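Protein chains in written order, with the working numbering: chain A, -17 to 112; chain B, 286 to 671.
This is the structure in structure tokens:
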């Protein structure tokens, strides 16, 4: 991912800042600038999520793209944040520990790097809380 | 709107074509289709070409013009349009051709699909395929394309009584069909053990749950139904052409294990054709992974959620079964050159409806094609009738 493309979403990626539609109250992560329910009549503001959530489904990635190959196997999951939205994330746990319904919280982690001399991409992963 | 018919089809062998270029694959499929239709290039009014990612696979954009040029149509200035919807690009190209003819804007139109995937390494192609999903919020986290379907499988198996063996049966059945298809990439039979002993790609999916990386091209010719008999004694009618969208990311879906776009496109297709499930004699569905075939059968309404695994195990979807699914071998065994797959599905159904499917022939007068982009963000469904 290019430097500018990564940089422009640093607050969202580092601090789990999404958005909320103040017209209907719905939360969005990944952030949306248009509410799918209220569309143009919705007013969108930033919202920092508390980072607590539950694993909806998961897998263990054994074969990855070049950027992630050296970190396999890793647990990839869809996590539902307590405020409602769902996101795709890595869960920093052993493959055999992962399960549906597991409670998790967000942590700041290194995600990947653009080659050996490229930008290091940090962001959010989740860890089990139980 | 005019009724539309398919009058000719052509397809290259699917496989690893180290010696054949992107443009040569297309030219071969196009020539086969024109020959089958008994027309020549100068009769064509337009081309629609499905292609997912030539820009990244062979570093070539402007595919419509390239194809027209190497098909010998540039000097006639035949309009040529590339259509892209990830793995549903082929189905979408067919739909564009059907719309063009149905509207009266065009008369004789080629719908084609082509993908050349083996000019890059496996890691690079895994990365490209992941761009069918949300690059910024799925791919960035380390999601691979098999990984996303694996998360569908995990959710599905948690909620419904699908066994790992039943899932493997999908691949076994599709290899059995592929073994009888002369264009299939894999013409070898496998067993449940082959699947269960293959390496894990993304739990619970193993290598033999996954469609392969493939080079290939396919093309079909469509005309107004009223003119079809000028060209062929066995035109195949397009009874429905439907398309639906959903969220680009799997995590935003209403239900992880249901492709709502399949449900919507399926319903629209049945409504257009005025048909019910009982009328469909065969299905070509988008089995990019074994779990995808299970979901497709259910989401299109051929059985209730949670039943497709058992039906597969009982042979209901096999060649001799009540509703044969993926007689071509599907994406799993016939191969999956992403942009070409949707057109190959039409190619297979036309062959079946004309009674030209040789060793894998089923008794069919009406067939349905189901082509998925990404994890279900685009679904295209067509119904064809003899």
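Cβ coordinates follow ideal geometry from the N, Cα and C atoms, glycine included. Small disclaimer: the values here were computed from a predicted structure and weren't measured.
- For the set B:497, B:350 and B:360, the Cα lying nearest the Cα of residue 411 of chain B is the one of B:497.
- With a cut-off of 8 Å on Cβ pairs, the stretch 611 to 627 of chain B is in contact with the stretch 333 to 352 of chain B, counting three or more such pairs.
- For residue 664 of chain B, the three-state secondary structure derived from DSSP is strand.
- With respect to chain B, the C-beta atom of residue 86 of chain A has no partner C-beta closer than 9 Å.
- Nearest neighbour of residue 364 of chain B by Cα position, chosen from B:370, B:382 and B:376, turns out to be B:382.
- Counting only residues of its own chain and dropping the five nearest sequence neighbours on each side, residue -7 of chain A has a CB closer than 7 Å to the CB of -1.
- The beta carbon of residue 499 of chain B sits no closer than 9 Å to any beta carbon of chain A.
- Apart from the 5 residues on each side of it in sequence, residue 346 of chain B sits with its Cβ closer than 8 Å to the Cβ of 339 and 340 in its chain, given in chain order.
- Neighbours of residue 48 of chain A in chain B, taken as residues at a C-beta separation under 9 Å, are given in chain order as 406, 408, 409, 411 and 412.
- A distance of 9 Å or more separates the beta carbons of residue 628 of chain B and residue 610 of chain B.
- Within the stretch 69 to 97 of chain A, the residues whose Cβ lies closer than 8 Å to any Cβ of chain B are, in chain order, 69, 70, 71, 72, 77, 82, 93 and 94.
- In this structure, residue 42 of chain A places its C-beta atom within 9 Å of the C-beta atom of residue 80 of chain A.
- Among the residues of chain A, none has a CB under 8 Å from the CB of residue 529 of chain B; the nearest is roughly 16 Å distant.
- Sequence-distant Cβ neighbours of residue 550 of chain B in its own chain, meaning closer than 7 Å and more than five residues away, are 527, 528, 529, 664, 665 and 666.
- Spanning the alpha carbons of residue 552 of chain B and residue 585 of chain B requires a straight line of approximately 8 Å.
- Residue 407 of chain B has its alpha-carbon roughly 14 Å from the corresponding atom of residue 303 of chain B.
- Cβ-Cβ separation between residue 294 of chain B and residue 635 of chain B: approximately 5 Å, consistent with a contact (criterion under 8 Å).
- Per the C-alpha coordinates, the member of A:6, A:20, A:-9 and A:45 positioned closest to residue 12 of chain A is A:-9.
- With a threshold of 16 other beta carbon atoms within 10 Å, residue 83 of chain A falls short and is exposed.
- Closer than 9 Å at the C-beta level to chain A, one finds these residues of the stretch 476 to 509 of chain B: 484, 485, 486, 487, 488, 489, 490 and 492.
- Per DSSP, the continuous alpha helix (DSSP H) segment holding residue 557 of chain B begins and ends at 545 to 558.
- Residue 51 of chain A carries a helical assignment under DSSP once its states are collapsed to helix, strand and coil.
- Across the stretch 541 to 562 of chain B, CB contacts with chain A closer than 8 Å involve 541, in sequence order along the chain.
- When DSSP reads this structure, residue 656 of chain B sits in a beta bridge with B:665.
- By the Cβ neighbour-count rule, residue 348 of chain B is buried, with 16 or more other Cβ atoms within 10 Å of its own.
- Under the criterion of beta carbons closer than 8 Å, residue 455 of chain B and residue 579 of chain B qualify as touching, at roughly 7 Å.
- Taking the Cα positions, residue 106 of chain A is about 16 Å away from residue 536 of chain B.
- For residue 65 of chain A, same chain residues with a beta-carbon under 7 Å away, outside a window of 5 residues either side, are 9 and 31 in chain order.
- Within its own chain, the residues whose Cβ lies closer than 8 Å to the Cβ of residue 477 of chain B, once the five positions on either side in sequence are excluded, are 450, 453, 454 and 457, listed in chain order.
- Look at the beta carbons and you see the stretch 371 to 379 of chain B touching the stretch 387 to 399 of chain B: at least three pairs across the two are nearer than 8 Å.
- Beta-carbon to beta-carbon, residue 566 of chain B and residue 487 of chain B are separated by about 34 Å, too far to satisfy the 8 Å threshold.
- According to the DSSP assignment, residue -14 of chain A belongs to the alpha helix (DSSP H) that extends over -15 to -11.
- DSSP places residue 345 of chain B outside any beta strand (DSSP E), giving it a letter other than H or E.
- Among the CB atoms of chain A, one or more fall inside 9 Å of the CB of residue 536 of chain B.
- Cβ atoms of residue 501 of chain B and residue 351 of chain B stay farther apart than 8 Å, at about 17 Å.
- Residue range 449 to 463 is occupied by the alpha helix (DSSP H) that includes residue 451 of chain B.
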